[in-house]
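Input: a single structure, listed below in structure tokens.
Chains as they are written, first to last, in my numbering: chain A, 1 to 84; chain B, 1001 to 1347.
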């Protein structure tokens, strides 16, 4: 597991699922469909990513393809890192 | 864009909005009363509601309200609004709708110059949403508590009953002696009296206070009557510091909650040091005499008042940020010049 994935999983587990049990969160499943995060939760997640990785998430990047699963988030952070 | 907002018709869209409220807010039986109270005609003007719709289906899937308030800023009354009652339908809590709603409400209010200041009290989970929508922190509102019967609080902390009772009674006695010493010259400031209504003396007090006040909501009798007279169905009580000539130098509005806890909803004094300290001290003593267990109150802003509360034995329990967008009459509201109490929330 990459350092980014570890950080992202840790944030989601602690802030939205209130557990440290890694087994309850798979990397592929949809966070929105599973009800892990909602519209305000997405903004919390975005604020966390912006603070943690020092980049700006643009409005047009607020899409499920970037933020709806751990896997997508990790890829999105990787892409932003590469871009900067 | 997939979502768009439109101003609600307060009468025609009432049922739709109440349906959305029921998804989120507790005590549905109180919703119609709150709706009419906040979004009907108020002394501050009519409330405003904005609906979030699917652009192509005109299906209402969200709502946000702006509860009007009048603030006193640099000698002028300006229209402000409290952002309240944000709801997004449970099937649309995905990426985008809530942000679209909050952001477009701000844009619409700014375009139409509805309010010089929009402010709100987002909970921890909503802070990021509000920041993203353009809000920034205006200050903090803090919750303070003052135990009056310490043995109750010590027992809640897990202390054995006999020990809590003995220690509590000793501490209560010491606190009452300290308070009496502090209040030994309070007679010159008048006496604390219970009032049944917000009469013309409240206007006179507000007129005096407003001469030196920083940015704060107008607290005249019309506002106080609307804010506390109807909404709490006769549960609110008023204590005032009454001078020898029957004028008032301060007031405290409060309710008695569960477990004999007093919740102060608003307070104001003609000065924020001595008079306020005397009034709150007399109030604490009176509440102790009446057998209550503790006093809770919220305040945010002026450092003098926070200092006064701490000296009177109020300890800080919780703190919540207050966010704002747009400026106060062209001036940034300085956090430490504000005056915020529970009264400044939407309900």
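Virtual Cβ for every residue (Gly too), placed ideally from N, Cα, C.
So residue i contacts chain B; which residues on that side make the cut at Cβ distance below 8 Å?
| i | result |
| --- | --- |
| residue 13(A) | Those do not exist, as residue 13(A) stays about 16 Å from chain B at its closest Cβ, beyond 8 Å. |
| residue 39(A) | 1088, 1092, 1093, 1094, 1095, 1096, 1097, 1098, 1099 and 1129 |
| residue 96(A) | Missing from the structure shown is residue 96(A); chain A here goes from 1 to 84 and no further. |
| residue 46(A) | 1128 and 1132 |
With a Cβ-Cβ cutoff of 7 Å, do residue i and residue j count as a contact?
| i | j | result |
| --- | --- | --- |
| residue 1149(B) | residue 1293(B) | yes |
| residue 1067(B) | residue 1047(B) | yes |
| residue 1063(B) | residue 1024(B) | no |
| residue 1138(B) | residue 1319(B) | no |
| residue 1175(B) | residue 1316(B) | no |
| residue 1338(B) | residue 1215(B) | yes |
| residue 1217(B) | residue 1304(B) | no |
| residue 1278(B) | residue 1221(B) | no |
| residue 1265(B) | residue 1253(B) | yes |
| residue 1367(B) | residue 1275(B) | The structure shown does not extend to residue 1367(B), since chain B spans only 1001 to 1347, so no value can be given for it. |
| residue 1043(B) | residue 1202(B) | no |
| residue 62(A) | residue 1095(B) | yes |
| residue 1239(B) | residue 1194(B) | yes |
| residue 1154(B) | residue 1164(B) | yes |
| residue 1146(B) | residue 1295(B) | yes |
| residue 1213(B) | residue 1071(B) | no |
| residue 1248(B) | residue 1205(B) | yes |
| residue 27(A) | residue 54(A) | no |
| residue 1051(B) | residue 1008(B) | yes |
| residue 1309(B) | residue 1189(B) | no |
| residue 1281(B) | residue 1192(B) | no |
| residue 45(A) | residue 68(A) | no |
| residue 1102(B) | residue 1133(B) | yes |
| residue 1219(B) | residue 1268(B) | yes |
| residue 1122(B) | residue 1003(B) | no |
For residue i, is the classification buried or exposed, using 16 other Cβ atoms within 10 angstroms of its Cβ as the cut-off for buried?
| i | result |
| --- | --- |
| residue 1177(B) | exposed |
| residue 58(A) | exposed |
| residue 1085(B) | buried |
| residue 1341(B) | buried |
| residue 1127(B) | buried |
| residue 1091(B) | exposed |
| residue 1259(B) | exposed |
| residue 1104(B) | buried |
| residue 949(B) | An answer regarding residue 949(B) cannot be provided, because it is not within the stretch 1001 to 1347 covered by chain B. |
| residue 1272(B) | buried |
| residue 1156(B) | exposed |
| residue 1136(B) | exposed |
| residue 22(A) | exposed |
| residue 1287(B) | buried |
| residue 1285(B) | buried |
| residue 66(A) | buried |
| residue 977(B) | No answer is possible for residue 977(B): the residues shown for chain B start at 1001 and end at 1347. |
Quick one: what's residue i bridged to in DSSP?
| i | result |
| --- | --- |
| residue 1045(B) | 1042(B) |
| residue 23(A) | In the DSSP output, where bridge partners are listed per residue, residue 23(A) has none listed. |
| residue 1130(B) | Paired residues: none, contrary to the question. |
| residue 1087(B) | 1063(B) |
| residue 1182(B) | DSSP output for residue 1182(B) lists no bridge partner at all. |
| residue 1142(B) | 1299(B) and 1319(B) |
| residue 1079(B) | 1070(B) |
| residue 1256(B) | 1262(B) |
| residue 1193(B) | 1240(B) |
| residue 1137(B) | 1323(B) |
What does residue i touch in chain B if you count any residue whose Cβ is under 7 Å from its own?
| i | result |
| --- | --- |
| residue 43(A) | 1099, 1128, 1129 and 1132 |
| residue 75(A) | Going along chain B, no residue has its Cβ under 7 Å from residue 75(A), so there is no contact; the nearest lies around 16 Å. |
| residue 32(A) | 1094 |
Does the CB of residue i have a neighbour CB from chain D at under 7 Å?
| i | result |
| --- | --- |
| residue 49(A) | Looking for chain D here will not work: the only protein chains present are A and B. |
Using the beta-carbon of each residue, which ones in chain B are nearer than 9 Å to residue i?
| i | result |
| --- | --- |
| residue 63(A) | 1095 and 1096 |
| residue 67(A) | 1095 |
* Cβ-based contacts, 7 Å cut-off: residues of the segment 1104-1130 of chain B near chain A -> Result list: 1125, 1126, 1128 and 1129.
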